[in-house]
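Residue numbers (this note's numbering): 8 to 211.
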């Protein structure tokens, strides 16, 4: 039976994490999940071997919507690490800068599929809304992260408000890449050399 060990002083944070773990609809192949707070990490970090360990900086948890989204993403990223999916992605991609982007895409996709649709929609809406209404600059990489999430929701017919906000953020120079992503509906496949060049330009 899975043991959950929480070394967290903040009771609200502890209860929030318990709630998140209890919602996971995916088989967890660990004997223990150990989650603790520490000021030694920037935000959320983790490692996985036989057991899963996650370290949280308690000073970075003030926005619950953002914290939940990043925590859930990291949780499923570590699950993918355990199952060697992250390594497979790393071995198959020709563009090193794209590796973490695609790994997070699959973590987000799995989180939506296994219990966290609403949490992740709130997470992305919070981030995208801030860019729109505070008129913050957005990089190509950020836009593509948002767009890849939109494609996940589109596949599930849940895109709604996300697409409306994305239309307000449109930046030039991504037409080829967006067209290919729309066609494939999966950023794991890079397509032809023109698409590879387009990806590279986004990370320069």
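By construction, the Cβ of each residue, glycine as well, lies at the ideal position given by its N, Cα and C atoms.
- Remark: C-beta atoms of residue 123 and residue 155 do not approach each other more closely than 8 angstroms.
- The C-alpha of residue 115 is placed about 23 angstroms away from the C-alpha of residue 44.
- In this structure, the straight-line span from the alpha carbon of residue 14 to that of residue 46 is close to 13 angstroms.
- Under a 10 Å Cβ-count criterion, residue 178 is classified as exposed, with fewer than 16 other Cβ atoms of the shown protein chains found around its own Cβ.
- By a beta-carbon distance limit of 8 angstroms, residue 72 does not contact residue 117. Their separation comes to about 20 angstroms.
- Fully contained in the region 16-97 are the following alpha helix (DSSP H) runs of length 4 or more, in chain order: 18-30, 71-89.
- Judged by DSSP secondary structure, residue 12 falls within the beta strand (DSSP E) whose first and last residues are 10-14.
- Here residue 155 carries a helix assignment [DSSP, helix/strand/coil].
- Contact between residue 125 and residue 110 fails: their C-beta atoms lie close to 23 angstroms from each other, not under 8 angstroms.
- In chain order, 111, 114, 115, 118 place their CB closer than 7 angstroms to the CB of residue 80, counting only its own chain and leaving out the 5 sequence neighbours on each side.
- If the five residues before and after residue 168 are omitted, its C-beta is found closer than 8 angstroms to the C-beta atoms of 132, all from its own chain and listed in chain order.
- A Cβ-Cβ separation of about 6 angstroms places residue 64 in contact with residue 49 under the 8 angstroms criterion.
- Residue 52 and residue 30 have their C-alpha atoms some 21 angstroms from each other.
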